[in-house]
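This note's numbering applies: residue 56 is where the sequence shown begins, and numbers increase by one.
From the three backbone atoms N, C-alpha and C, an ideal C-beta is built for every residue, glycine too.
Contents: one structure, followed by commentary.
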Amino acid sequence: MANPIFREKLRAGKFFAVPGVQDMIAAVIADKVGFDLVYGTGYWLTASAWGLPDAGIATYTEMKNRMETLVRTSKAGVIADGDTGYGGLLNVHHTVKGYEEAGVTAIQLEDQEFPKKCGHTPHKRIIAAEDMVEKIKVAVDARQDENFVIIARTDAYQSEGMDGVMRRMEAYASAGADVLFPEALANNDEIRIACRDLPLPVMANMSNSSGEPMPSAETLAELGLAYAIYPSLMALAACSAMENALRGLKEQGTANPDGLFSFKEFSSLIGFDEVTAFEKKWAQI
């Protein structure tokens with residue numbers, strides 16, 4: 056059964072931030088900080104598991120397994136990147152049912168051709184709006200739990216501009232999507248227009264991909280967004296910390312960087328307290 060927290064937060068109408076998690080270590084840290092929703096990012100879960108780019112190489116089965124592991128590890132509701140649904144209409148039906156069975160609270164589907172590319176890379180190719188409308192209808196029909204949220208994303212901005220984005224988003228809303236995701240809009244004015252004129256909650260992707268400072272949550276709320284995902288925040292922060300620590304080891308032969316997380320606390324977060332309790336209980340067996 057899908058975690059109802061996502062629908063509850065959407066109904067509340069207050070902007071919220073959703074961090075992306077690249078692996079299960081990130082998931083337990085997000086739990087510690089207190090996030091009740093996390094984003095299962097296709098880009099970073101693929102990179103962390105297989106060292107591959109987000110270019111449609113990871114399969115549905117591989118990604119479903121990653122999402123199942125994330126749901127099991129995290130206490131939060133999981134918004135899952137479902138790419139294109141991994142193929143045609145039958146694939147979309149199978150993907151929605153599989154992700155729902157995996158325990159995620161929402162699936163995000165996009166209108167790129169299969170195989171897809173990361174939304175912040177050039178030369179994306181998109182399918183006809185009518186074909187994506189059919190995918191959304193199939194996804195809605197495949198859903199079993201009313202708490203399960205369907206997010207419709209368009210990557211049309213590069214090829215069709217803002218007018219194309221708005222036409223597609225309106226069509227996907229009519230097809231039954233719950234949340235609209237106009238990917239990679241150019242500026243805040245366009246985000247404001249989308250939030251003002253579209254009939255459903257609108258989300259945005261704060262990807263840290265440009266190197267520019269991220270707008271504050273207050274700014275994003277003022278634009279009218281329901282929420283934003285931050286898919287790369289933890290992964291890029293971890294990469295920077297790992298590089299700095301390794302440079303110290305390679306160049307100075309030291310392994311004492313500032314800000315190391317407590318090993319004792321991490322062991323507790325990952326479940327060793329439960330292992331110790333089990334061993335104490337069954338020590339006489």
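8 Å contact criterion, which residue i and residue j should meet: CB distance rounded
i: Ala102; j: Glu123; result: Actually they do not touch by this definition, with Cβ atoms about 19 Å apart.
i: Gly303; j: Pro312; result: 6 Å
i: Glu155; j: Ala57; result: 7 Å
i: Gly95; j: Asp136; result: 6 Å
i: Leu324; j: Val159; result: Going by Cβ atoms, the distance from Leu324 to Val159 rounds to 22 Å, so no, they are not a contact pair.
i: Tyr285; j: Met261; result: 5 Å
i: Leu235; j: Met224; result: 5 Å
i: Gln77; j: Met289; result: 6 Å
i: Pro237; j: Ala249; result: 5 Å
i: Ala85; j: Val93; result: 5 Å
i: Val195; j: Ile205; result: 6 Å
i: Lys171; j: Ala230; result: 19 Å between Cβ atoms; not a contact.
i: Leu253; j: Ala293; result: That pair is no contact at about 34 Å.
i: Ala283; j: Leu275; result: 5 Å
Exposed unless 16 or more other CB atoms sit within 10 angstroms - verdict on residue i
i: Phe71; result: buried
i: Met297; result: exposed
i: Thr331; result: exposed
i: Pro177; result: exposed
i: Phe333; result: exposed
i: Glu201; result: exposed
i: Pro74; result: buried
i: Ala310; result: exposed
i: Ser129; result: buried
i: Glu273; result: exposed
i: Arg127; result: exposed
i: Arg251; result: exposed
i: Glu267; result: exposed
i: Ile181; result: buried
i: Lys119; result: buried
i: Arg208; result: buried
Continuous beta strand (DSSP E) stretch holding residue i: start and end
i: Asp46; result: Outside the modelled stretch of the chain, which goes from 56 to 340, sits residue 46, for which no answer is possible.
i: Leu235; result: Val234 to Pro237
i: Val133; result: Gly132 to Asp136
Beta bridge counterpart(s) of residue i as assigned by DSSP
i: Gln167; result: Ile181
i: Asn260; result: Ile284
i: Ala72; result: Ala283
i: Tyr98; result: Tyr98 pairs with nothing; no bridge assigned.
i: Ile191; result: Note: Ile191 sits in no beta bridge, so no partner.
i: Leu92; result: Gly132
i: Ile162; result: Ala135 and Ile205
Closest by C-alpha distance to residue i, when choosing among the options
i: Lys64; options: Tyr98, Ala131, Ala104 and Ala82; result: Ala131
i: Asp233; options: Ile162, Trp99, Glu215 and Met187; result: Ile162
i: Lys179; options: Asp196, Tyr212 and Phe203; result: Tyr212
i: Gln167; options: Met187, Met261, Gln307 and Ala239; result: Met187
i: Lys69; options: Leu278, Phe318 and Lys87; result: Leu278
i: Gly143; options: Phe90, Lys190 and Arg247; result: Lys190
i: Glu320; options: Asp218, Ser129, Ile80 and Val76; result: Ile80
i: Phe61; options: Asn299, Trp99 and Val133; result: Val133
i: Arg198; options: Gly153, Leu92 and Ala226; result: Gly153
i: Gly97; options: Ala183, Gly219, Leu315 and Tyr141; result: Tyr141
i: Ser287; options: Asp109, Met217 and Ala300; result: Asp109
i: Met217; options: Ala207, Glu245 and Lys192; result: Glu245
i: Ser214; options: Ala183, Ala228, Ser295 and Asn263; result: Ala183
i: Leu125; options: Val151, Leu100 and Ile112; result: Leu100
i: Tyr115; options: Ala300, Ser271, Gly219 and Val147; result: Val147
i: Glu165; options: Arg121, Gly111 and Phe203; result: Gly111
Any chain B beta carbon closer than 8 Å to residue i
i: Ala249; result: The structure shown contains no chain B; it is built from a single protein chain.
Where the alpha helix (DSSP H) through residue i begins and ends
i: Phe327; result: Phe327 to Lys336
i: Glu245; result: Asn243 to Asp252
i: Ile60; result: Ile60 to Ala67
i: Asn146; result: Leu144 to Ala157
i: Asn274; result: Per the sequence shown, the amino acid found at residue 274 is Thr instead of Asn. It spans Ala272 to Leu278 - the alpha helix (DSSP H) in which Thr274 sits, taken as one unbroken run.
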